[in-house]
């Protein structure tokens with residue numbers, strides 16, 4: 001089957017997709033980044049609820065829905081938290097099991113910060129740079145925690161405006177990041193994502209908030225020396241909290257395509273997630289964590 005793959009320039013996916021969808025030969029397969037992206041394209045999404053592809057997901061939570069219709073299916077799962085250097089944490093006299101909540105994290109970080117010269121580090125946490133290469137870690141990923149707990153407390157899945165129930169918790173973890181840091185808070189505006197990586201890989205900081213997508217940046221420290229903690233913000237029950245896990249990459253099948261093209265697309269995606277060649281290509285060659293039952 002002849003296939004045309006259109007690759008958008010960096011940051012131009014939505015614009016490119018809008019242009020392609022206006023063509024007579026519109027894409028049969030496209031992607032959205034989550035509920036926000038889906039809002040623009042849900043009317044174009046084929047209902048995948050009865051597909052074999054949907055049946056291969058390891059969890060129903062990895063699908064986006066519009067009512068009872070399954071509009072999109074995640075094909076990459078990412079996890080984020082506080083990456084830590086096991087060797088440095090051990091040298092400071094601690095282990096992962098000592099940190100079960102925000103109070104524990106603050107106690108450990110404060111101690112490391114106070115003993116940074118003795119331990120040979122510049123700070124407990126890497127610099128929390130606020131330039132465009134780094135600020136998304138805190139404006140989106142860190143901000144997800146207070147929003148998650150507000151949604152959970154209110155029993156909702158979305159809202160037009162948050163109440164700010166846990167904004168003080170957001171502030172206290174942020175304050176910890178910038179006070180127990182490798183640099184003076186006054187320097188954060190100019191600090192970059194690369195600065196944070198260099199500090200962590202250079203063993204100048206014990207903790208570094210980021211996710212699995214940053215593995216290639218930190219792998220030189222060695223797999224046995226890397227761990228990840230949940231991001232604790234000081235809420236009741238957080239000792240039972242896991243790592244933040246989700247996706248920003250969801251497959252959608254264009255419901256305006258011909259029946260033949262839709263079926264060919266579904267067959268191809270099913271092959272991708274069930275065959276040894278397909279799962280190996282995604283998991284091994286592309287380095288994805290994939291949420292499918294036959295993933296190796």
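In the working numbering, the protein residues as written are 1 to 296. Glycine included, every Cβ here is placed at the ideal spot set by N, Cα and C.
The three-state secondary structure of residue 74, taken from DSSP, is strand. One thing to note: residue 206 has its Cβ within 8 angstroms of the Cβ of residue 112.
Distance from residue 61 to residue 250 at the Cβ level is roughly 12 angstroms; contact not present, criterion being Cβ atoms closer than 8 angstroms. Annotation for residue 235: 149, 166, 169 place their beta carbon closer than 7 angstroms to its own, counting only its chain and skipping 5 residues before and after. The alpha-carbon of residue 26 is positioned some 27 angstroms away from that of residue 274. At a cut-off of 4 residues, the continuous stretches assigned as alpha helix (DSSP H) that sit fully inside the region 127-215 are 144-154, 167-179, 193-201. Under the Cβ criterion (8 angstroms, minimum of three pairs), the region 48-59 does not count as touching the region 181-195.
Note that the region 133-143 does not touch the region 114-122; fewer than 3 beta-carbon pairs, one per stretch, sit closer than 8 angstroms. Apart from sequence neighbours up to five positions away, the residues of its chain that approach residue 265 with a beta-carbon distance below 7 angstroms are 28, 29, 253, ordered along the chain. If you draw a 10 Å sphere on the C-beta of residue 106, you find 16 or more other C-beta atoms in it, and that means buried. 212 is the residue among 226, 258, 212, 217 whose C-alpha sits nearest the C-alpha of residue 288. Taking each of 138, 75, 137, 201 in turn and checking the Cα distance to residue 121, the smallest one comes out for 201. Here residue 273 carries a helix assignment [DSSP, helix/strand/coil].
Spatial neighbours of residue 292 in its own chain (CB-CB distance under 6 angstroms, excluding positions within 5 residues in sequence) are listed in chain order as 56, 273. Using a Cβ distance threshold of 8 angstroms, residue 210 and residue 85 do not count as a contacting pair. Between residue 76 and residue 247, the C-beta gap is smaller than 8 angstroms, which places the two residues in contact. Beta bridge pairing from DSSP links residue 69 with 66. By the beta-carbon neighbour count (other beta carbons within 10 angstroms, threshold 16), residue 12 is exposed. As a beta-bridge residue in DSSP terms, residue 31 pairs with 251.
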